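Numbering (this note's numbering), first residue to last: 76 to 448. Here a beta-carbon is modelled for each residue, glycine too, at the ideal position from N, C-alpha and C. These figures come from a predicted structure and were not determined experimentally. Everything below concerns the one structure shown next.
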Amino acid sequence: MDIQERAWMEIDTHALIQNYQNLISFLPKDTGCICIVKANGYGHDAVQEALILQQQGAHFFGVATLAEAVQLKEANIKGDILILGHTLPRQMKELAQYDLIQTVGDVAYGYQLAEEAKRLEARVRIHLKIDTGMHRLGIDHRLSMDTLKALIEQPSLKLEGCFSHFACADSVDENDVAFTHQQAEKFAEWVKRARLAHIPVGKLHLSASAAIVNYPEFQWDYCRPGILLLGFDSGDMKHPYERNQVLSIYAKVTKIDVLPKQETIGYGRTYQAKQLRKVATISIGYGDGIPRNYQNGEVLIRDARCPIIGRISMDQLCCDVTDLPEVALFDLVTIIGNDQKESIRLEEMANKCGTITNEIVTHFSNRLPRIYR
Ligand SMILES: *Cc1c(COP(=O)(O)O)cnc(C)c1O
Numbered sequence: 076m077d078i079q080e081r082a083w084m085e086i087d088t089h090a091l092i093q094n095y096q097n098l099i100s101f102l103p104k105d106t107g108c109i110c111i112v113k114a115n116g117y118g119h120d121a122v123q124e125a126l127i128l129q130q131q132g133a134h135f136f137g138v139a140t141l142a143e144a145v146q147l148k149e150a151n152i153k154g155d156i157l158i159l160g161h162t163l164p165r166q167m168k169e170l171a172q173y174d175l176i177q178t179v180g181d182v183a184y185g186y187q188l189a190e191e192a193k194r195l196e197a198r199v200r201i202h203l204k205i206d207t208g209m210h211r212l213g214i215d216h217r218l219s220m221d222t223l224k225a226l227i228e229q230p231s232l233k234l235e236g237c238f239s240h241f242a243c244a245d246s247v248d249e250n251d252v253a254f255t256h257q258q259a260e261k262f263a264e265w266v267k268r269a270r271l272a273h274i275p276v277g278k279l280h281l282s283a284s285a286a287i288v289n290y291p292e293f294q295w296d297y298c299r300p301g302i303l304l305l306g307f308d309s310g311d312m313k314h315p316y317e318r319n320q321v322l323s324i325y326a327k328v329t330k331i332d333v334l335p336k337q338e339t340i341g342y343g344r345t346y347q348a349k350q351l352r353k354v355a356t357i358s359i360g361y362g363d364g365i366p367r368n369y370q371n372g373e374v375l376i377r378d379a380r381c382p383i384i385g386r387i388s389m390d391q392l393c394c395d396v397t398d399l400p401e402v403a404l405f406d407l408v409t410i411i412g413n414d415q416k417e418s419i420r421l422e423e424m425a426n427k428c429g430t431i432t433n434e435i436v437t438h439f440s441n442r443l444p445r446i447y448r
């Protein structure tokens, strides 16, 4: 079967490598990367992405769930894998079996994990997540070091690192910048106190994509880039940082027809032709992850921007090709990516849909084959 017959995603391997290399040369020499490939590598295929990064020397990966971590291990990813989210203590066996590192962002949870590891005569590798103001997951930075010490001295726990996470490093707003500085200071102070209390903190890490670019002064042993590797904007950048969009999405023209004056098109009859229009039907829809509210969006056909008209359906959408006389059946349609001169970036789609690139990119469905080039 020709997987390029309907709709598909292409991943530019070279762009991914370029982004990784750019990042490595941007970082201080002694700062490493925990490459975050959660949510199936932000929809790019986590296994493929991690294999390519591994070839480039990446040896530490981060995911959100146990299942994501196991998938990487089974695919022969050799490096360390940190689970950023919660794993049920009763899944302790898998954590040990696959030699994974579990985030502990709560003291009671830490004890549960320790208990379960002890029962299995295992030792679980952990990173402590310290809350410095995000208030989502994390141990309060003000918690007494004695309490923390009692936890990490559980023989079934092996503390290998500590980290925190910024709430608004992607904003250049004055208050947000001040808050980010406070978080960084709280983390630095916490590290100092932990060391004074003889807690073997292990590897330290703080910055995700936005902070890596906006606050290069806050680097520790590792940083945690996710979206940056894929070349998308993540909020506001304080200064230019070169990155290449890794992903393109394509579909095909499956029908060309005229829409007579006053006729409507699609579900709900939301678009009515004021004059005769020429319309192309495109083989992609919200079932592939194109947001249904991308109503004012455009697609590229033969290097021309063609407005989407009517409601986007589950499997198809329609666009106005009145100004494109040469359009032909089975023409390639660029939904995201570069044509000759024109291009549509994911940021454009995200802006028009009132959301961020991260959300859109994790919603592209499995119906789109991922083709690595
Ligand atoms: C998702 C996540 C990251 C990566 O975030 P990006 O903005 O994509 O770089 C880093 N750290 C934690 C804790 C995360 O949850």
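Query: Rounded to the nearest angstrom, what separates Ala-144 and Ala-403 at their Cα positions?; Result: 45 Å
Query: How big is the Cα-Cα spacing for Ile-387 and Leu-271?; Result: 59 Å
Query: Terminal residues of the continuous beta strand (DSSP E) containing Gln-229?; Result: No beta strand (DSSP E) holds Gln-229; DSSP gives it neither H nor E.
Query: Alpha carbons only, please: which of Arg-299, Lys-327, Lys-224 and Pro-315 is nearest the one belonging to Leu-392?; Result: Lys-327
Query: Any heavy atom of ligand 1 closer than 7 Å to the CB of Arg-299?; Result: yes
Query: Work out the CA separation of Val-333 and Asn-413 for me, nearest whole Å.; Result: 27 Å
Query: Does Leu-188 come out as helix, strand or coil in the three-state DSSP assignment?; Result: helix
Query: Between Leu-126 and Tyr-95, is the Cβ-Cβ spacing less than 8 Å?; Result: no
Query: Rounded to whole angstroms, what is the Cα-Cα separation between Pro-444 and Ile-109?; Result: 27 Å
Query: Rounding to the nearest angstrom, what Cα-Cα distance links Gly-116 and Ser-358 in this structure?; Result: 25 Å
Query: Go to Leu-126, then tell me how far its alpha helix (DSSP H) extends in each direction, as first and last residue.; Result: 121 to 130
Query: Please list the terminal residues of the continuous beta strand (DSSP E) segment that includes Thr-329.; Result: 322 to 334
Query: Quick one: is the Cβ of Lys-267 within less than 7 Å of any heavy atom of ligand 1?; Result: no
Query: Give me the Cα-Cα distance between Glu-422 and Glu-228, rounded to the nearest whole angstrom.; Result: 47 Å
Query: May I have the straight-line CA-CA distance separating Ala-225 from Leu-175, to the nearest angstrom?; Result: 23 Å
Query: Check whether the region 87 to 104 and the region 312 to 332 touch, using three or more Cβ-Cβ pairs below 8 Å as the test.; Result: yes
Query: Taking the alpha carbon of Thr-178 as the point to measure from, which residue in Pro-315, Lys-168, Ile-201 and Gln-131 has its own alpha carbon closest?; Result: Ile-201
Query: How is the alpha helix (DSSP H) around His-452 delimited, first residue to last?; Result: With the chain running from 76 to 448 in the structure shown, residue 452 is simply not present.
Query: For the 8 Å Cβ check, are there 3 or more pairs between the region 156 to 171 and the region 133 to 144?; Result: yes
Query: Between which two residues does the alpha helix (DSSP H) carrying Asp-414 extend?; Result: Per DSSP, Asp-414 belongs to no alpha helix (DSSP H) and is neither H nor E.
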